[in-house]
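**Q** Please see the structure below; I have some questions.
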Amino acid sequence: MAGHSKWANIQHRKGAQDRKRAKAFSRLIRELVVAARMGGDDPLSNARLRLALDRARAQNMPRDTIDRAVRRGAGKLEGSDIQEVTYEGYGPGGVAVLVECMTDNRNRTVSELRHVFARHGGNLGASGSVSYLFSQAGVLAFSQGIDEERLLAVALDAGAEDIVVAADGSAEVLTAPADFVAVRDALQAAGLEPASAEVTQRAATGAPLGAEDALAVAQLFDALEDIDDVQQVCSNAEFPEEVLARLA
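Position 5, counted from 1, in the sequence shown is what our numbering calls 8; the numbers after and before it change by one each time, with no gaps.
Spelled out as structure tokens, the structure:
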């Protein structure tokens with residue numbers, strides 16, 4: 004079991020932002036389309052689609068809307084050609100930023116991203132400039148007060164790679180992407196419900212920020228997530244506790 008979680012810091016902030024997203028449905032629809040296009044429309048054999056369906060249902064998306072998105076992705080309905088692309092850049096304080104997008108117009112998307120990075124003290128980088136700092140992982144976050152021993156036993160038995168416990172008592176279960184669904188289902192079956200659960204890009208090391216840079220990075224993230232084509236923003240930024248309290 005690892006020690007202090009660098010990821011918990013940014014994950015807590017990201018969770019707060021996710022709850023405020025006004026464009027959740029459009030992003031969920033794009034994810035359903037791409038997941039079905041890449042792996043087919045059967046969630047039993049397409050883990051990514053299954054996760055997208057779970058998220059859509061959790062947001063109370065109408066069933067007809069879900070079905071249309073899946074059928075469109077599977078080629079059973081006509082629609083625009085949505086492409087999945089990840090952009091890389093730097094924010095204030097030199098933090099590394101990955102921006103995962105789904106778009107039908109790359110020129111529009113990169114133009115909007117470049118403008119937002121520049122306006123908030125960062126810059127859009129070349130392909131490969133920061134991606135080497137990240138690896139894809141399943142992350143299941145648990146709030147303070149979780150039974151750590153039981154969490155450890157159930158998670159590792161289900162195939163988790165590691166358990167990370169933060170100084171405040173919150174915890175994260177880390178998995179390989181291919182094992183994420185199995186581990187999540189095992190934890191839920193044991194009555195251990197995560198506060199958040201996703202497959203995401205996780206930084207190997209964090210970049211601690213001072214208060215001024217942390218606030219500037221937070222503003223950059225908010226602006227990036229306001230772009231329609233942006234699905235997720237990942238970073239190695241570590242926010243000071245006093246800044247997190249102000250942003251909550």
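We put the CB at the ideal spot given by N, CA and C, even for glycine.
If we count the other Cβ atoms within 10 Å of its Cβ and call it buried at 16 or more, is histidine 118 buried or exposed?
**A** Looking at its Cβ environment, which holds fewer than 16 other Cβ atoms inside 10 Å, histidine 118 is exposed.
**Q** Considering only DSSP beta bridges, list what methionine 105 is partnered with.
**A** The partner list for methionine 105 (beta bridge, DSSP) reads Glu87.
**Q** Taking Cβ positions, are tyrosine 93 and valine 100 nearer each other than 8 Å?
**A** Result yes, Cβ atoms of tyrosine 93 and valine 100 sit closer than 8 Å.
**Q** Roughly how many angstroms lie between the CA atoms of alanine 5 and alanine 240, to the nearest whole one?
**A** Bear in mind that a pLDDT of 45 at alanine 5, under 50, signals an unreliable position, so the model cannot answer this.
**Q** Classify glycine 125 as helix, strand or coil using the three-state DSSP reduction.
**A** Glycine 125 falls in the coil class under three-state DSSP.
**Q** For alanine 248, which three-state DSSP category applies?
**A** Note: alanine 248 maps to helix in three-state DSSP.
**Q** Enumerate in chain order the residues of its own chain whose CB-to-CB distance from glycine 43 is below 7 Å, with the five nearest sequence positions on each side excluded.
**A** Around glycine 43: Asn49, Ala77.
**Q** Just to confirm before moving on: does the CB-CB distance between alanine 210 and valine 98 stay below 8 Å?
**A** Against a cut-off of 8 Å, the Cβ pair of valine 98 and alanine 210 comes out as a contact.
**Q** Name the one or two DSSP bridge partners that glutamate 175 has.
**A** Ala144, Val167.
**Q** Could you work out which residue in His123, Gly125, Leu195, Ala27 is closest to asparagine 63 when comparing CA atoms only?
**A** Nearest of His123, Gly125, Leu195, Ala27 to asparagine 63, Cα basis: Ala27.
**Q** Locate the beta strand (DSSP E) running through threonine 68, then write down its first and last residues.
**A** Threonine 68 -> not in any beta strand (DSSP E); alpha helix (DSSP H) instead, spanning 66-76.
**Q** In three-state terms, what does DSSP make of phenylalanine 120?
**A** Of the three classes helix, strand and coil, the one that applies to phenylalanine 120 here is helix, per DSSP.
**Q** Within a Cβ cutoff of 7 Å, which residues of the same chain sit near aspartate 232, ignoring the five residues on either side of it in sequence?
**A** The answer, listed in chain order, is Cys104, Met105, Thr106, Thr112.
**Q** Spell out a yes or no on whether the segment 140-150 and the segment 193-201 are touching, meaning 3 or more CB-CB pairs, one atom from each, closer than 8 Å.
**A** The segment 140-150, when compared against the segment 193-201, does touch it at the 8 Å Cβ threshold.
**Q** Let's test the definition: count the other Cβ atoms within 10 Å of the Cβ of glutamate 152 and tell me whether it reaches 16, buried, or not, exposed.
**A** Exposed is the call here.
**Q** For a test of the three-state rule: what should DSSP assign to phenylalanine 242, helix, strand or coil?
**A** Correct three-state label for phenylalanine 242: coil.
**Q** Tell me whether the segment 184-198 and the segment 148-167 touch, counting them as touching only if at least three CB pairs, one residue from each stretch, are closer than 8 Å.
**A** The segment 184-198 is in contact with the segment 148-167.
**Q** Roughly how many angstroms lie between the CA atoms of arginine 75 and valine 88, to the nearest whole one?
**A** Rounded to the nearest angstrom, the two C-alpha atoms are 19 Å apart.
**Q** Identify whether alanine 198 lies in helix, strand or coil by the three-state DSSP scheme.
**A** It is coil, neither helix nor strand.
**Q** Take alanine 226 and list the residues in its own chain whose beta-carbon comes closer than 8 Å to its own, dropping the five residues that flank it on each side.
**A** Hits under 8 Å: Val119, Arg122, His123.
**Q** For arginine 138, which residues in the same chain have their Cβ closer than 8 Å to its Cβ, ignoring the five residues on either side in sequence?
**A** A small correction: the amino acid at residue 138 is serine; arginine does not occupy that position in the sequence shown. If we look at serine 138 and ignore the five residues flanking it on each side, its Cβ neighbours are Gln204, Arg205, Ala207.
**Q** When burial is assigned at 16 or more other CB atoms within 10 Å of the CB, is leucine 147 buried or exposed?
**A** Checking the displayed sequence, the identity of residue 147 turns out to be glutamine instead of leucine. When all chains shown are included, glutamine 147 counts as exposed.
**Q** What's the gap between the Cα of proline 46 and the Cα of alanine 39?
**A** Cα to Cα, the separation comes out at about 9 Å.
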